[in-house]
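These notes are about the structure you will find just below.
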Amino acid sequence: MCIRDRIVFWAGAMTLFELAHFNPAKPMYEQGLILLPHLAAQGWGVGAGGEVTSTFPYFAIGSIHLISSAFLGYGGIFHALRGPATLENRFRFFGYDWADTGKMTTILGIHLVLLGIGAFLLVAKAMYFDGLYDPAVENVRVVTNPTLNPARIYGYLFGAVGNFWIAGVDNLEDVVGGHIWVGGILILGGLFHIATRPFQWTHPLFVWSGEAYLSYSLGALALMGFIATLFVSVNTTVYPEVFYGPALTIRQNFVPYFSSPDPEFVTSRTWLANTHFWLAFFFLQGHIWHALRSRGLDFRKGRVSEAAILPKPIA
Numbered sequence: 007m008c009i010r011d012r013i014v015f016w017a018g019a020m021t022l023f024e025l026a027h028f029n030p031a032k033p034m035y036e037q038g039l040i041l042l043p044h045l046a047a048q049g050w051g052v053g054a055g056g057e058v059t060s061t062f063p064y065f066a067i068g069s070i071h072l073i074s075s076a077f078l079g080y081g082g083i084f085h086a087l088r089g090p091a092t093l094e095n096r097f098r099f100f101g102y103d104w105a106d107t108g109k110m111t112t113i114l115g116i117h118l119v120l121l122g123i124g125a126f127l128l129v130a131k132a133m134y135f136d137g138l139y140d141p142a143v144e145n146v147r148v149v150t151n152p153t154l155n156p157a158r159i160y161g162y163l164f165g166a167v168g169n170f171w172i173a174g175v176d177n178l179e180d181v182v183g184g185h186i187w188v189g190g191i192l193i194l195g196g197l198f199h200i201a202t203r204p205f206q207w208t209h210p211l212f213v214w215s216g217e218a219y220l221s222y223s224l225g226a227l228a229l230m231g232f233i234a235t236l237f238v239s240v241n242t243t244v245y246p247e248v249f250y251g252p253a254l255t256i257r258q259n260f261v262p263y264f265s266s267p268d269p270e271f272v273t274s275r276t277w278l279a280n281t282h283f284w285l286a287f288f289f290l291q292g293h294i295w296h297a298l299r300s301r302g303l304d305f306r307k308g309r310v311s312e313a314a315i316l317p318k319p320i321a
């Protein structure tokens, strides 16, 4: 709960911080903003040409996150100081063992369902609540006919449509249709994992321990970080130029980096792309480190420890 509290607190506090420093007379991408451009691209408080018509939605969203974080923080403190020492003694649903394969996949399923709901919230905003900002028409519009054709949606995934893989999407109909497909798959997959236990043949494929789960999570974050780097660098539909600045090119010095066509011009897109790349890079190193440790590798000796005992999965 405390982790969620910090995430929500950061989102709310940073939104209000950016709003306090926002200058409507200057483009967002010249002001080092990273959250307000996201809200603007979702159609909050902007009109024709991407002009900010009202900052109240930004204030409201930031305040809601900040207030929510206070309740989450209170809940965390309550459970730490006044709650039962072992919650599963009173509520068995909240008890688990790292090696309990059924419980672990149930937790995975719950997270997948929540991610699916998040995808459908964007769909609802696009189709029923004012719409999204469309750089093609330079205004906010409702998406009335999202693309549901699987050949086109999966065409991005397999390189049959556009350039830059899934980051090549160039219209809101495909963006919203993709979210419908992804949201549906996530929810169905989540319900499947909640209702079932892992098949016996999957047990040897994984290490059923806390450190192994940490490594899997870091690997997933690294993958998402690299995908986000590509998306924010080249896509000007989901990340409109009016809010983020021009698309980036990859350059090489001692290390690769992403910059505007004018290397001296640093925009919000530049910050986001390079930050995501380096976060993903270090998440990947963390994934490898913890994955090897979970398999019993002793880094001091440079080999797998003979004393290492892998947890036996509980079916």
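Heads up: the sequence shown begins at 7 in the working numbering, then just goes up one per residue. Glycine residues also receive a C-beta, built at the ideal position from the N, C-alpha and C atoms.
{"Asked": "Residues near Glu179 by beta carbon distance below 8 angstroms, same chain, minus five either side", "Found": "Val149, Asn151, Pro152, Thr153"}
{"Asked": "Same chain, Cβ closer than 6 angstroms to Phe283, five either side skipped, listed in chain order", "Found": "Thr235"}
{"Asked": "Supposed contact pair Val272 and Ala253 - C-beta distance, whole angstroms, cut 8 angstroms", "Found": "In fact, because the Cβ distance is near 14 angstroms, the residues do not count as touching under 8 angstroms."}
{"Asked": "Continuous alpha helix (DSSP H) stretch holding Thr255: start and end", "Found": "Taken as a continuous stretch (DSSP letters only), Thr255 belongs to no alpha helix (DSSP H), being part of the beta strand (DSSP E) at 255 to 258."}
{"Asked": "Distance between beta carbons of Pro30 and Val52, contact taken as under 8 angstroms", "Found": "About 11 angstroms separates the two Cβ atoms, so there is no contact after all."}
{"Asked": "Distance, Arg306 Cα to Gly122 Cα", "Found": "42 angstroms"}
{"Asked": "Inter-residue spacing [alpha-carbon to alpha-carbon] between Val248 and Arg147", "Found": "16 angstroms"}
{"Asked": "Buried versus exposed, by CB contacts within 10 Å (16 or more), Pro156", "Found": "exposed"}
{"Asked": "Ala218 and Phe289 closer than 9 angstroms at C-beta", "Found": "no"}
{"Asked": "Cβ-based neighbour list, Leu114, same chain, cut-off 7 angstroms, excluding 5 preceding and 5 following", "Found": "His199"}
{"Asked": "Option in Phe170, Ile294, Ile186 with minimal Cα separation from Val238", "Found": "Phe170"}
{"Asked": "Through-space distance from Ala105 to Pro63, alpha-carbon basis", "Found": "45 angstroms"}
{"Asked": "Where Val14 falls: helix, strand or coil (DSSP)", "Found": "helix"}
{"Asked": "Runs of alpha helix (DSSP H) lying entirely within the stretch 19 to 79, each at least 4 residues, in chain order", "Found": "42 to 47"}
{"Asked": "Test item: CB-CB of Ile73 and Gly18 under 9 angstroms", "Found": "yes"}
{"Asked": "Given Tyr263 as reference, the closest of Ile9, Thr281, Val119, Asp176 once Cα atoms are compared", "Found": "Thr281"}
{"Asked": "Simplified DSSP state of Arg98, which is helix, strand or coil", "Found": "helix"}
{"Asked": "Inter-residue spacing [alpha-carbon to alpha-carbon] between Ala76 and Tyr102", "Found": "27 angstroms"}
{"Asked": "Span separating the alpha-carbon of Phe28 from that of Glu36", "Found": "10 angstroms"}
{"Asked": "In DSSP terms, what Asn145 is bridged to", "Found": "Asp140"}
{"Asked": "Backbone CA spacing between Thr202 and Val119 [nearest angstrom]", "Found": "15 angstroms"}
{"Asked": "Beta carbon of Asn177 nearer than 9 angstroms to that of Thr242", "Found": "no"}
{"Asked": "Same chain only: Cβ atoms within 6 angstroms of Thr111, ignoring 5 sequence neighbours per side", "Found": "His199, Pro204"}
{"Asked": "Span separating the alpha-carbon of Phe324 from that of Ser60", "Found": "In this structure the chain extends from 7 to 321, so residue 324 is not present and cannot be described."}
{"Asked": "Ser265 - partner residues in DSSP beta bridges", "Found": "Thr255"}
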